[in-house]
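K.L.:
One structure follows; several queries about it will come next.
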Amino acid sequence: MRSPTYDTLRYVRGWIRGRHLAEKDDPPATAGGPPGPSVPGVHTEDFAIADGTSTLRARRYIRESRKSSGPGPGWVLLHGVTHPGPDHPAIVRFAAALAWSGAVVLVPDIPSWRRLDLDPRPARSALVRAATCLSSDPDVRPGGVVLVGLSFGFPQVLRVGGQLARKGLVRGLGGFGSYCRLDDTLRFGLTGQFRWRGRTGYLRPDPYGRWVVAANYLHSVPGYVGAECVSRALHSLAALAGERRILSWDPRYDVVKDELAEALPETYRHLFRLFAPPADREPEPGPAREMTHLLAEAARRIHPELEPPPEFGDAPPPPVRLLHGRRDHLIPFTETLALDRLLRKRADVRATVTGLFAHSRESGVIGSRVRESVRFFKGMKEVIALGAG
């Protein structure tokens, strides 16, 4: 039996050792190309998973000092919708820290998500293939692997987790900074508003999320079918943000916004500015609230499986552990609490909200650092324990 406390301490040590990965400016190579960034004490390998019809690229992480210590837990980590994909410094650092905890980690590459295409089907297919592959890895102990979804990835983890658990391929699910309802997530992305304990809270939203969603669905909203030029402009802006790895509300993007707006037909410039105002402004409240519902409806119509399933039938999910940053500027922490409520009657679920975990690097620490550190450690221990046997 593994010790979750000991493994979590090793995870924290690995996270600290990987600090240089988050500070690195030059983007590493894409999975399947030249080797990515050097990770102290961790062996990384890019390889292909073929099934006769297509090939899935993936990156494998394993701690160098445990190659001969017998099988360990297996983890499949699904990256979010971002241009760097598996090469995102936060993904590399997270996967390497999990490897330091004693796990074998597989990060499949979802090319469509790196192109900022929100179609969830390729992600589900990749999860199934990656879980099947890792379950047969000689360095992974039997009994199933853990599936982890970040941000937009977790609803897809939920959708395949139960069926894979029935087959003995998956033993637990982890979600970091994810969402439950498109409407509430988009409302936050456009207005910064969220509901908490009967009141309306506010936190400045990271515009990246609304750029990506509008790039996918704005031109499918009734009345905006001719707005493909705006969708393309927002796609360019979001892709640039992923490449530069500079916070999306940084004033340095204002020049790019001006150039993109100038290239649009005059009738569409105001619509573009609704999603991409200058850095010192936020979207107009009235039009932003109206657009929230329209975008959510378009997204559900085109990709109804973007949200978690309302029911699981005869394949309920295995144990679920959720973590979210209280000052997450991309998706509000209240979405993880909503996931907790949704899953409570269907699965063994536990959720942790902490001031030490968020999408945005500028997030501050809420309350006492010691108290939040303890809360984060306990929440991470719950996640790590999914792989214990």
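Note that our numbering numbers the sequence shown so that position 267 is 272, with each residue one more than the last. Built from N, CA and C at the ideal position, the CB exists for glycine as well.
Since D345 is in the beta strand (DSSP E), which residue starts that stretch and which ends it?
P.N.:
Sequence index remark: in the sequence shown, residue 345 carries index 340 (1-based). Premise fails: D345 lies in the alpha helix (DSSP H), 339-348, not in any beta strand (DSSP E).
K.L.:
Is the beta carbon of A136 less than 8 angstroms from the beta carbon of V150?
P.N.:
On the sequence shown, position 131 is the one that residue 136 refers to. On the sequence shown, position 145 is the one that residue 150 refers to. Yes, the Cβ-Cβ distance between A136 and V150 is below 8 angstroms.
K.L.:
How far does the alpha helix (DSSP H) with W20 in it reach, from first residue to last?
P.N.:
Stepping through the sequence shown from its first residue, residue 20 is reached at position 15. Per DSSP, W20 belongs to the alpha helix (DSSP H) from 9-22.
K.L.:
Quick test of your reading: V379 and G180, contact by CB under 8 angstroms. State the CB separation rounded to the nearest angstrom.
P.N.:
Numbered from its first residue, the sequence shown carries residue 379 at position 374. Numbered from its first residue, the sequence shown carries residue 180 at position 175. About 21 angstroms separates the two Cβ atoms, so there is no contact after all.
K.L.:
Which of helix, strand or coil does DSSP assign to F181?
P.N.:
In the sequence shown, counting from the first residue as 1, residue 181 sits at position 176. Of the three classes helix, strand and coil, the one that applies to F181 here is strand, per DSSP.
K.L.:
In terms of alpha-carbon separation, which member of L279, S253, Q168, R286 lies closest to P314?
P.N.:
Reading the sequence shown from its first residue, position 309 is the one you call residue 314. Closest by alpha carbon: Q168.
K.L.:
In whole angstroms, what is the alpha-carbon distance linking V416 and D188?
P.N.:
Past the boundaries of the shown model lies residue 416; the chain is included only from 6 to 394, so the question cannot be answered.
K.L.:
Under the rule that 16 or more other beta-carbon atoms within 10 Å means buried, what is R376, buried or exposed?
P.N.:
Counting from one through the sequence shown, the residue named residue 376 turns up at place 371. Exposed, since its Cβ has fewer than 16 Cβ neighbours within 10 Å.
K.L.:
Suppose you measure from the CA of H249 to the CA of G90; what does that come to, to the nearest Å?
P.N.:
On the sequence shown, residue 249 is found 244 positions in, with the first residue counted as 1. On the sequence shown, residue 90 is found 85 positions in, with the first residue counted as 1. According to the sequence provided, residue 249 is Arg. The question's His does not apply to it. Going from the Cα of R249 to the Cα of G90 covers about 13 angstroms.
K.L.:
With distances taken between CB atoms, is the gap from W20 to R68 smaller than 8 angstroms?
P.N.:
Indexing the sequence shown from 1 puts residue 20 at position 15. Indexing the sequence shown from 1 puts residue 68 at position 63. Result no, Cβ atoms of W20 and R68 do not sit closer than 8 angstroms.
K.L.:
Would you tell me roughly how many angstroms separate the C-alpha atoms of Y66 and W201, rounded to the nearest one?
P.N.:
Along the sequence shown, one-based indexing puts residue 66 at 61. Along the sequence shown, one-based indexing puts residue 201 at 196. Their Cα atoms are separated by approximately 38 angstroms.
K.L.:
Measuring only the C-alpha atoms, how far is L139 from P270?
P.N.:
Taking the sequence shown and counting its residues from 1, the one referred to as residue 139 is at position 134. Taking the sequence shown and counting its residues from 1, the one referred to as residue 270 is at position 265. Rounded to whole angstroms, L139 to P270 spans 50 angstroms at the Cα level.
K.L.:
Taking Cβ to Cβ, would you say L132 is nearer than 8 angstroms to H84?
P.N.:
Numbered from its first residue, the sequence shown carries residue 132 at position 127. Numbered from its first residue, the sequence shown carries residue 84 at position 79. Their beta carbons are not under 8 angstroms apart, which means L132 does not touch H84 by this criterion.
K.L.:
Assuming S253 and D285 make a contact with CB atoms under 8 angstroms, what is their CB distance in whole Å?
P.N.:
By one-based count along the sequence shown, residue 253 stands at place 248. By one-based count along the sequence shown, residue 285 stands at place 280. Actually they are not in contact, since the Cβ atoms of S253 and D285 sit about 14 angstroms apart, beyond 8 angstroms.
K.L.:
Need the endpoints of the alpha helix (DSSP H) that W105 sits in, please.
P.N.:
Within the sequence shown, the letter at position 100 stands for residue 105. Segment 94-105, the alpha helix (DSSP H) holding W105.
K.L.:
Three or more C-beta pairs under 8 angstroms: does that hold for the stretch 316-334 against the stretch 293-302?
P.N.:
Cβ pair count under 8 angstroms is below three, so no.
K.L.:
Less than 8 angstroms between the CB atoms is what I'm expecting for S236 and A220, so what's the real figure, rounded?
P.N.:
For this step, residue 236 is matched to residue 231 along the sequence shown. For this step, residue 220 is matched to residue 215 along the sequence shown. With a Cβ gap of about 5 angstroms, S236 and A220 count as contacting.
K.L.:
Would you decide whether P9 is buried or exposed? Buried here means 16 or more other CB atoms lie within 10 Å of its CB.
P.N.:
Reading the sequence shown from its first residue, position 4 is the one you call residue 9. That one is buried.
K.L.:
Measure the alpha-carbon distance for P288 versus L328 and round it to whole angstroms.
P.N.:
Position 283 of the sequence shown, counted from the start, is the residue given in the question as residue 288. Position 323 of the sequence shown, counted from the start, is the residue given in the question as residue 328. For P288 and L328, the distance between alpha carbons rounds to 29 angstroms.
K.L.:
Name the one or two DSSP bridge partners that P66 has.
P.N.:
Residue mapping note: residue 66 aligns to position 61 of the sequence shown, counting from 1. This sequence places Tyr at residue 66; Pro is not what is there. DSSP output for Y66 lists T49, V110 as bridge partner(s).
K.L.:
Using a Cβ-Cβ cut-off of 6 angstroms (strictly less than) and excluding sequence neighbours within five positions of W118, which residues of its own chain qualify?
P.N.:
To locate residue 118, count along the sequence shown from 1; it is residue 113. Excluding residues within five positions, the ones whose Cβ falls inside 6 angstroms are V86.
K.L.:
Is it true that the CB of F199 sits closer than 8 angstroms to the CB of P395?
P.N.:
Summary: the structure shown does not reach residue 395, with the chain confined to residues 6 through 394, and so no result is reported for it.
K.L.:
Could you have a look at A356 and say whether DSSP puts it in helix, strand or coil?
P.N.:
As a working mapping, residue 356 is identified with position 351 in the sequence shown. The answer is strand: DSSP assigns A356 an E or B state.
K.L.:
Could you check which residue in S225, Y273, G75, V388 has the C-alpha nearest to that of A238?
P.N.:
Walking along the sequence shown from the start, residue 238 turns up at place 233. Here the closest residue by C-alpha is Y273.
K.L.:
Identify, in the order they occur along the chain, each residue of the same chain with its Cβ nearer than 7 angstroms to the Cβ of D345, setting aside the five sequence neighbours on each side.
P.N.:
Taking the first residue of the sequence shown as 1, we reach residue 345 at position 340. Contacts found: L327, V354, A356.
K.L.:
Less than 8 angstroms between C-beta atoms, sequence neighbours within five positions excluded: which residues of the same chain meet that for P143?
P.N.:
Residue numbering aside, residue 143 sits at position 138 when the sequence shown is read from its first letter. For P143, where only same-chain residues beyond five positions count, the Cβ hits under 8 angstroms are P76.
K.L.:
Quick check on the burial criterion: 16 or more other C-beta atoms within 10 angstroms. Buried or exposed for H25?
P.N.:
Counting from one through the sequence shown, the residue named residue 25 turns up at place 20. Label assigned to H25: exposed.
K.L.:
Taking 8 angstroms as the threshold (C-beta atoms), are S183 and E340 in contact?
P.N.:
One-based indexing of the sequence shown puts residue 340 at position 335. One-based indexing of the sequence shown puts residue 183 at position 178. It is a contact, given that the beta carbons lie within the stated cut-off.
K.L.:
Would you mind sorting R126 into buried or exposed? The rule is 16 or more other CB atoms within 10 Å of its CB.
P.N.:
If you number the sequence shown from 1, residue 126 lands on position 121. R126 should be labelled exposed.
K.L.:
Alpha carbons only, please: which of F193, A102, L61 is nearest the one belonging to P45?
P.N.:
One-based indexing of the sequence shown puts residue 45 at position 40. Ranking the options by Cα distance to P45, first place goes to A102.
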